[in-house]
Amino acid sequence: MRITEHPVLGKLEKKPVTFSFNGKKYEAQAGESIAAALLANDIRILRYTEKHGTPRGIYCGIGHCYECRVMVNGERNFRACITPVKQDMQILSQHGEIL
Ligand code: FES
751 MRITEHPVLG KLEKKPVTFS FNGKKYEAQA GESIAAALLA NDIRILRYTE
801 KHGTPRGIYC GIGHCYECRV MVNGERNFRA CITPVKQDMQ ILSQHGEIL
């Protein structure tokens with residue numbers, strides 16, 4: 751099950767791309783969000799909280815809550831729910847502080 755038309759990202763291209771999450775390779779459709787691609791691969795935990803290290807996943811799904819922050823190609827604080835996945839993107843769970 752996939753989101754084929756997103757209100758912010760537009761229509762899904764239906765072109766396969768590969769990306770990695772925490773070092774493991776996965777397949778996605780070009781143009782879908784990182785969060786959608788991870789959900790389609792049964793991944794629910796995106797990050798761990800700053801204070802207690804508890805797991806977090808998608809909450810609002812529209813870019814407001816920042817619960818879905820992940821690292822992309824070595825940079826922190828990408829919101830997985832509104833960031834399109836791209837070919838060879840390297841995504842990591844985010845741990846610790848926001849900065
Ligand atoms: S789930 Fe709320 S900003 Fe991504």
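The letter at position 82 of the sequence shown is residue 832 when you use the working numbering, and the numbering goes up by one with no holes.
Here a beta-carbon is modelled for each residue, glycine too, at the ideal position from N, C-alpha and C.
On a predicted model such as this, the values are computed, not experimentally measured, just so you know.
Put simply, the residues with a CB less than 7 Å from any heavy atom of the ligand FES are Ala785, Ile808, Tyr809, Cys810, Gly811, Ile812, Gly813, His814, Cys815, Tyr816, Glu817, Cys818, Arg829, Ala830, Cys831 and Ile832, in chain order. Straight-line spacing of the CA atoms in Thr799 and Ile808 works out to 13 Å. As computed with DSSP, Gln844 is found in a beta bridge with Arg797. If you draw a straight line from the Cα of Lys765 to the Cα of Ile793, it is about 21 Å long.
Here Val820 has Ile784, Leu796, Arg797, Phe828, Ala830, Ile841, Leu842, Ser843 and Gln844 as same chain residues with Cβ atoms under 7 Å from its own Cβ, once five neighbours each way along the sequence are excluded.
For Ala780, there is no enclosing alpha helix (DSSP H), as DSSP gives it neither H nor E.
Counting C-beta atoms within 10 angstroms of its own C-beta, Thr754 has fewer than 16 neighbours from the protein chains shown and is therefore classed as exposed.
Cβ-Cβ separation between Thr768 and Lys774: approximately 11 Å, too far for a contact (criterion under 8 Å).
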